[in-house]
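Worksheet for the structure shown next.
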Amino acid sequence: MRRSPPSPQLITSPRRSRWTYSGGIIRAWTVPPGAASSISLPKIALEVTVLLNQQQGKRVSAGAIAGGAVAGVVALVLGVLLFLFYRRRKAKQDFMLPSSGESTRLDSTVLMQKVTPLTTQADVASLAADITVDKSVEFTYQELFNATEGFNITHKIGQGGFGAVYYAELRGEKAAIKKMDMQATQEFLAELKVLTHVHHKNLVRLIGYCIESSLFLVYEFIENGNLSQHLRGTGYEPLSWAERVQIALDSARGLEYIHEHTVPVYIHRDIKSANILIDKNTRAKVAGFGLTKLTEVGGASLQTRVVGTFGYMPPEYVRYGDISRKVDVYAFGVVLYELISAKDAIVRSTDGSASGSRGLVYLFEEALTALDTKEGLQKLIDPKLGDDYPMDAILMMMHLANACTEEDPKLRPTMRSVVVALMTLSSMSEFWDMKNPGLVNLMSGR
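Residue numbers (full-length UniProt numbering): 1 to 446.
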């Protein structure tokens with residue numbers, strides 16, 4: 001049985017210590033546990049001066065050396081405790097779950113390390129000028145201001161981790177304008193760089209941008225909200241099983257494109273249901289490229305600052321900051337679980353306390369290891385589906401999601417393999433729909 005992906009934690013005891021004595025000084029240091037630790041401890045070196053009357057040329061007694069050694073151990077322990085207290089306090093500040101009073105969803109973006117942003121308009125404009133934007137339009141601030149009636153709240157259609165989104169009509173085209181402040185420079189440039197070079201029907205299209213007083217990205221308007229809203233929001237028709245499979249396939253194709261067919265390849269790093277947009281035909285487009293990382297084709301995993309959303313980040317990324325395309329595969333597996341259950345990536349306890357919260361991956365692993373898998377899974381299936389789904393297809397999607405969320409990234413499939421599996425699943429679901437008497441009657445007008 002696979003273990004549930006652990007939460008970030010600190011190792012509180014070193015693996016071994018070394019001591020040397022030279023010239024009246026006892027040196028003590030710890031050897032970091034290395035890969036066994038969740039957060040690597042830096043080399044801690046302490047020097048303890050032993051009382052030595054060098055003027056009189058007296059030899060240091062064994063008792064003095066022993067006393068110095070004891071003092072060294074005490075100082076070392078105190079140093080480690082102080083270090084751990086500082087790191088634990090910092091981790092708590094940088095990696096804090098929202099309180100139950102704020103939200104039952106963990107949609108906010110996590111930034112475990114602070115990065116000094118570019119803060120001047122000239123700096124950003126200079127970097128943006130280096131990005132080829134031949135298919136994008138540079139709008140003026142006044143044009144965006146007028147189109148949104150001064151960024152009136154009546155035009156506001158969303159709020160993301162990096163800014164508010166407004167609806168507008170620009171030059172005869174419906175658009176979504178994301179307004180970001182100068183602190184989001186890196187995210188702005190990341191999206192600009194990706195979306196001006198990558199074009200695919202399952203990726204949201206960038207229309208243009210603006211760098212005046214704030215940072216603005218202008219996208220095509222996707223009129224039907226995002227997947228998270230369809231699964232858990234109000235005012236939306238329940239998604240049928242066939243629609244859910246199609247949304248999964250569309251999203252997988254978008255990810256496969258940036259993983260396999262671009263040079264350099266891109267790692268999204270923030271795949272989640274809120275970043276999968278649904279159009280009027282219930283087809284999906286991947287959005288939210290503000291955290292995207294570039295890497296070489298076939299390159300090994302990189303180490304980077306940990307950014308993303310709680311519940312979607314794999315263990316190797318949370319522990320060590322290791323990043324590869326398999327980070328996106330893991331997050332996509334969580335989205336597949338969401339499509340089956342309509343539950344959040346983090347499921348809170350019935351009393352709303354954070355202490356009772358569990359990851360959706362863990363809940364499905366429990367169902368997989370139950371004596372009766374189908375019975376365990378039945379409790380997790382979205383009630384809005386009713387009985388309108390093929391159980392074999394549900395099981396197939398669950399096993400695919402399980403493969404995507406393997407703890408060992410080497411065991412996870414590529415997005416190309418995921419697309420192939422979902423194409424098979426889509427065919428199964430369409431065939432089942434055609435055999436469904438209710439659907440056949442509806443299509444024939446009876």
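Think of the CB as a built atom: it goes at the ideal place given N, C-alpha and C, for glycine as much as any other residue.
Note that the structure is predicted; figures quoted are calculated from it, not measured.
- The C-beta distance from Y312 to K272 rounds to 5 Å, short enough to meet the 8 Å contact threshold.
- Counted as a single uninterrupted DSSP element, the alpha helix (DSSP H) harbouring A190 occupies residues T185 to L195.
- Residue pairing by DSSP places V137 opposite G208 in a beta bridge.
- In the structure shown, E169 falls within a strand segment according to DSSP collapsed to helix, strand and coil.
- Taking the C-beta atoms as reference points, K293 is found no nearer than 9 Å to Y257.
- Under DSSP, the beta-bridge partners assigned to A284 are I278.
- For the options L363, I340, A393 and E407, the alpha carbon positioned closest to that of L385 is the one of I340.
- CA-to-CA, the gap between L227 and T140 works out to about 32 Å.
- Beta-bridge pairing by DSSP links K178 to V165 and L217.
- With a 10 Å radius around the Cβ and a threshold of 16 neighbouring Cβ atoms, P264 comes out exposed.
- D392 is bridged by DSSP to nothing; it lacks a bridge partner.
- Within a 10 Å sphere around the beta-carbon of Q246 sit 16 or more other beta-carbons, which makes this residue buried.
- Per the C-alpha coordinates, the member of K178, L400 and A242 positioned closest to D388 is A242.
- Judged by their CB atoms, A284 and M397 are not nearer to each other than the 9 Å cut-off.
- Of all alpha-carbon atoms in S240, Q186 and A147, the one lying nearest the alpha-carbon of A393 is that of S240.
- For V335, the enclosing alpha helix (DSSP H) stretches over residues R325 to S341.
- The three-state reading of DSSP puts Y236 in coil, since its state is none of H, G, I, E or B.
- In the DSSP assignment, G254 falls within the unbroken alpha helix (DSSP H) covering W241 to E260.
- In chain order, A403 place their CB closer than 6 Å to the CB of P413, counting only its own chain and leaving out the 5 sequence neighbours on each side.
- Following the DSSP letters along the chain, one finds V198 in no alpha helix (DSSP H), marked with neither H nor E.
- Around the beta-carbon of G233, fewer than 16 other beta-carbon atoms lie within 10 Å, marking it exposed.
- In the DSSP assignment, N226 forms a beta bridge with L277.
- For Q159, the beta-bridge partners assigned by DSSP are A164.
- A190 is positioned such that its CB atom lies no closer than 9 Å to that of L255.
- A residue is called buried when at least 16 other Cβ atoms come within 10 angstroms of its Cβ; M391 does not meet this threshold and is exposed.
- Look at R412 here: in three-state DSSP terms it is coil, with no helix or strand label.
- Ranked by how close their Cα comes to the Cα of M182, the residues L215, E169, L203 and D270 have L215 in first place.
- Put simply, of F310, E406 and G356 the residue whose alpha carbon is nearest the alpha carbon of F364 is E406.
- For V263, no alpha helix (DSSP H) run applies, since DSSP gives it neither H nor E.
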